[in-house]
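Remarks on the structure that follows.
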Amino acid sequence: MTLCIISGQYVLNFFTISCQLYCIPNILPKFLYTGKGVFEKSRIIRKLGGKMFGTTTIGIDLGTANILVYSKTKGIILNEPSVVALNRETNEVLAIGHEAKEMIGKTPANIIAVRPMQDGVIADFDLTSGLLNAIMRRIGSKSGNNIRKPNVVVCTPTGATSVEQRAIQDAVRSTGAKNVTLIEEPVAAAIGADLPVDEPIANVIVDIGGGTSEIAIISYGGVVSSTSIRTGGDHMDEEIIQYIRKNYNVLIGEATAERIKMELGYAPITHETITSDVRGRDLLTGLPKTIQVESTEIQRALTETLNRILEAIRHTLEQCPPELSGDIVDRGIILSGGGSLLHGFQDWLKQEIDVPVHMAPSPLESVAIGTGRSLQTIESLGKKVK
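Going from the sequence shown to our numbering is simple: count from 1 and add 602.
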C-alpha cells in the first residue's frame with residue numbers, strides 16, 4: 603500500500619482508500635511508509651477525513667457503456683449511456699446520455715455521437731470532461747440545487763495505468779470536485795454485491811462491463827489475485843457486426859448489434875434456436891435489406907470473446923492461495939456487470955470451472971452501489987479518529 607501526493611493532497615493508491623483502509627483500523631499497519639517519511643495511521647485518516655466529510659459526497663461508476671452516479675442519501679440518482687453528441691464545427695455539446703445514444707449512426711455529417719470512454723478508460727479527455735460537467739448540471743437540476751465542490755469516489759479498471767488513472771482524476775476535478783478518490787472496479791463490485799470483503803474468506807467477483815472484464819479474489823480487505831482484460835459487452839457487439847458483414851454482406855450499426863446480442867446472444871450451451879429479423883444496408887447494392895438470423899449463429903460469433911473472459915477467470919483462480927481455494931469451492935463466484943446477463947452465461951461458466959456461480963443482486967448497479975457504500979465506510983473510519 604503506498605501513498606502519493608497529488609495537488610498537495612494525500613491520495614491513497616488502490617482503493618484509492620484501499621484494502622487496509624477499507625477494513626477496521628486495527629488491520630491498518632501502525633505506520634505507513636510514503637517514500638518521504640512515516641505517518642501514523644490516525645494522521646492519514648484524519649487528513650482524508652478533514653477533506654472528505656461535511657460536504658456533498660457522491661460515487662461515480664464511469665463506465666464505457668454507462669455512467670451511474672450514487673448519492674449516499676438517495677442511492678442511484680443517475681444512470682445514462684456514456685455518449686456525447688457534438689457539433690464538429692463548433693465543438694458544442696448538443697446532447698448526452700440517452701438522447702445522444704439515439705443519435706448514433708443517424709446524424710448529419712457535422713454532428714457526431716461518440717463514446718469518450720473506451721475499454722474502461724478515457725479515450726477523449728475533453729469530451730469526457732464535457733460529459734461529466736453536463737452530468738453534474740443534470741444532477742443539480744434534478745435535486746433542485748447545484749452540487750458545488752463535491753467529494754467524489756470514482757471507479758477505475760484494475761489494469762489502468764497511472765497515466766489513465768490521473769486522466770480520470772483530472773476529468774472529475776474539472777467539474778469542480780473538491781476531492782477525487784479512486785477505487786478499483788472489482789472491489790466496488792464486490793462491496794455492491796454484499797460480499798464480506800473485510801473477512802478472511804475468499805470472495806470472487808467477475809464484473810463484465812462494456813469495455814473491460816474484471817476478475818478479483820478479495821479476502822480480509824485486500825485483493826489476493828486479479829485479472830483485468832479489455833474485453834466486454836462492446837466487443838461482443840463488434841463481433842456481431844463483423845459476423846453479419848462477413849456472412850450476409852450486410853452492414854448493421856451499434857444499436858442493432860446490441861439488440862441482437864440481448865435477443866439472440868447465448869453462451870456455448872444447448873438451447874432452443876430462435877430467430878429474429880435484422881435490418882441493415884446491403885454492401886453489394888447499397889440498399890436497405892432485411893435478413894433472418896438464428897441464435898446459434900450469434901452464439902458462434904461470441905465464442906472467441908467468451909473464451910477470452912473464461913481464460914481470464916481461470917488465470918485468476920489459478921493464482922489463489924490453497925487455503926482460500928476451499929472457500930471458492932463452497933462459496934463460488936459472483937457475477938456482475940451487463941455482460942454477465944448474456945443468455946446461458948451463468949450455467950456455462952459453472953460447467954467450465956466446476957464451482958457454484960451466482961448473480962449479484964443488482965448486476966447492472968453493483969459497481970455504483972459499492973462505490974457509495976465505500977463512501978460510508980470511509981466516513982465511519984474518519985469519524986472514529988476525530
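Note that the Cβ used here is the ideal one computed from N, Cα and C, for glycine as well.
It should be emphasised that the depicted structure is a prediction, and the values quoted were computed from it without experimental measurement.
Q: Please state whether DSSP places glutamate 840 in a helix, a strand or coil.
A: helix
Q: In angstroms with no decimal places, state the Cα-to-Cα distance between aspartate 726 and proline 924.
A: Straight through space, the alpha carbons of proline 924 and aspartate 726 are spaced by roughly 43 Å.
Q: Could you pull out every residue in the same chain whose Cβ sits closer than 7 Å to the Cβ of serine 830, ignoring the five residues on either side in sequence?
A: Pro759, Thr760, Gly761, Thr814, Glu816
(Q) Looking only at its chain, what residues have a beta carbon closer than 6 Å to the beta carbon of asparagine 851, apart from the 5 residues adjacent to it on each side? (A) Leu885, Leu886
Q) Terminal residues of the continuous alpha helix (DSSP H) containing glutamine 767? A) 764–775
**Q.** Selected residue, minimal CA-CA separation from threonine 907, among Ile785, Arg832, Asn693
**A.** Arg832
Q: State the DSSP-derived secondary structure class of histidine 960, mapped to helix, strand or coil.
A: strand
Q) Given a threshold of 16 other Cβ atoms within 10 Å of its Cβ, counted over all protein chains shown, does serine 764 qualify as buried or as exposed? A) exposed
Q) In the structure shown, what three-state DSSP assignment does alanine 791 receive? A) helix
Q. Counting Cβ pairs closer than 8 Å, one from the stretch 866–881 and one from the stretch 911–924, do we hit at least three?
A. Result no; under three Cβ-Cβ pairs closer than 8 Å.
(Q) Distance cutoff 8 Å, beta carbons only. Does threonine 858 sit that close to anything in chain D? (A) Judged by its chain identifiers, the structure shown contains no chain D, having just a single protein chain.
Q.
Measuring straight from C-alpha to C-alpha, what distance separates glutamate 967 and glycine 941?
A. 12 Å
Q: Quick one: grab the DSSP three-state call for proline 921.
A: A small fix is needed here, since residue 921 is glutamine in this sequence, not proline. Coil.
Q.
Spatial neighbours of phenylalanine 947 within its chain, please: C-beta separation below 6 Å, excluding the five flanking residues on both sides.
A. Ala869
Q) What runs of the alpha helix (DSSP H), each 4 residues or longer, lie entirely inside the stretch 685–730? A) 699–703
Q) What is the DSSP secondary structure of valine 852, counted as helix, strand or coil? A) strand
Q. By Cβ distance below 6 Å, which residues in the same chain neighbour lysine 986 in space, the five residues on each side in sequence not counted?
A. Confidence in lysine 986 is poor, its pLDDT being 36 and thus under 50, which makes the residue's placement unreliable; the coordinate value appears in the next sentence. Taken in chain order, the list of residues that qualify is empty.
Q.
Give me the DSSP bridge partner(s) of lysine 891.
A. Gly882
**Q.** Cross-strand partners of glycine 661 (DSSP beta bridge)
**A.** Tyr672, Val755
Q | Between the CA atoms of glycine 888 and alanine 795 - distance to the nearest angstrom | A | 47 Å
Q. Between leucine 926 and alanine 773, is the Cβ-Cβ spacing less than 8 Å?
A. no
Q: Just the C-alpha distance for alanine 791 and glycine 835, rounded to the nearest angstrom, thanks.
A: Computed Cα separation, rounded: 17 Å.
**Q.** Which of helix, strand or coil DSSP assigns to isoleucine 911
**A.** In the structure shown, isoleucine 911 falls within a helical segment according to DSSP collapsed to helix, strand and coil.
Q: Tell me tyrosine 868's beta-bridge partners as DSSP assigns them.
A: His945
Q) Do proline 752 and lysine 780 have their CB atoms nearer than 8 Å? A) yes
**Q.** Bridge partner(s) assigned by DSSP for aspartate 809
**A.** Glu816, Ser938
Q: Work out the CA separation of glycine 934 and aspartate 956 for me, nearest whole Å.
A: Taking the straight line from one Cα to the other gives about 9 Å.
**Q.** Residues sharing a beta bridge with leucine 784, DSSP
**A.** DSSP output for leucine 784 lists Val756 as bridge partner(s).
Q | Buried versus exposed call for valine 969 [16 or more other C-beta atoms within 10 Å across all chains shown] | A | buried
Q. Looking at C-alpha atoms only, which residue of Leu866, Thr692, Asp929, Asp809 is the closest neighbour of valine 788?
A. This sequence places proline at residue 788; valine is not what is there. Checked all of Leu866, Thr692, Asp929, Asp809; the closest Cα to proline 788 is Asp809.
**Q.** Residue from Met705, His917, Ile713 with nearest C-alpha to asparagine 693
**A.** Checking every option, the nearest Cα to that of asparagine 693 belongs to Ile713.
Q | Rounded separation between glutamate 860 and aspartate 839 - CA only | A | 6 Å
Q) Is it right to say methionine 864 is buried, meaning 16 or more other beta carbons lie within 10 angstroms of its own, or is it exposed? A) With fewer than 16 other Cβ atoms within 10 Å, it is exposed.
Q. What is the rounded straight-line gap between the Cα of glutamine 720 and the Cα of alanine 697?
A. Roughly 19 Å between the two C-alpha positions.
Q: Please classify glutamate 994: is it buried, with 16 or more other beta-carbons within 10 angstroms of its beta-carbon, or exposed?
A: A question about residue 994 goes unanswered here, because the residues of the chain that appear run from 603 up to 988.
(Q) Short of 7 Å in beta carbon distance, which residues of its chain neighbour glutamine 576, apart from the five on each side in sequence? Order them along the chain. (A) Since the first and last residues shown for the chain are 603 and 988, residue 576 lies out of range.
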